[in-house]
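Worksheet for the structure shown next.
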Amino acid sequence: MQSKDKIDAANVIKSQLIQAEQIAAEILYHQNEILEIDKKRNKNREALTTIRNSNYKQEKIWYFSKNQFFQIQTSTIIKKLEIEQLSLTNQIDIQRNQSKTKTIELYEVEGRSTQNVKGFLLKPTKPSELELFSQKIQQITKSS
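Be aware that the sequence shown starts at 170, since it is given in the numbering used here, and climbs by one per residue.
Here it is as structure tokens:
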């Protein structure tokens, strides 16, 4: 009977290790995606800065996209790049959130305490929320 218990325990440990390896691979995938998206975002930022700071203000400039060159209005390109910047930032945020969730999941599979990573899922306060908070404080201070 003891050998069967040892085999069962070994199978449980083996399955936990496999699960931990799969989650760790997903975390690494998300981290690599963040790096790749961030490279694109930096190139966009550089392009925006170059266009905005160029000494010669042209109405149209050459733009390379999808293996083709286009001559497009400068303002249109700036708007397109700004929209793309927002999209890339959102993609990075999504990848970071998935990475954080998987990290917590990995801690749980490993049987480690998740106390150390509870702050991973905190979100920053938005400017609109800060403004509401400040208004509430002003109302409270005025009424007292």
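We treat Cβ as the ideally placed atom computed from N, Cα and C, and that holds for glycine. As the structure is a computational prediction, the values presented were derived from the model and not from experiment.
Would you mind reading off the limits of the beta strand (DSSP E) that contains residue i?
i    : result
S303 : Premise fails: S303 lies in the alpha helix (DSSP H), 296-312, not in any beta strand (DSSP E).
Specify the secondary structure class of residue i as computed by DSSP and reduced to three states.
i    : result
K235 : coil
Q188 : helix
K229 : strand
Smallest Cα separation from residue i: which of the options?
i    : options                : result
L204 : E298, T258, K235, S312 : T258
I273 : L250, R210, Q260, I196 : I196
I206 : F302, Q227, D262       : D262
S234 : K226, A216, E228       : A216
Quick one: give me the first and last residue of the alpha helix (DSSP H) that residue i is part of.
i    : result
R281 : R281 -> no alpha helix (DSSP H), and no H or E assigned at all.
With a threshold of 6 Å on Cβ separation, who are the neighbours of residue i within its own chain once the five nearest residues in sequence on each side are excluded?
i    : result
Q264 : H199, E202, I203
F239 : Y232
Excluding sequence positions up to five away, which residues of its chain have a Cβ less than 8 Å from the Cβ of residue i?
i    : result
E277 : T283
Using 8 Å as the limit for Cβ to Cβ distance, is residue i near chain C?
i    : result
G280 : Here there is only one protein chain, and chain C is not present.
Closer than 7 Å by C-beta to residue i: which residues in its own chain qualify, once you throw out the five before and the five after it? Chain order, please.
i    : result
K269 : F289, L290
Can at least three beta-carbon pairs, one atom from the region 242-249 and one from the region 221-228, be found at a separation below 8 Å?
Contact between the region 242-249 and the region 221-228 is present, because at least three Cβ pairs lie under 8 Å.
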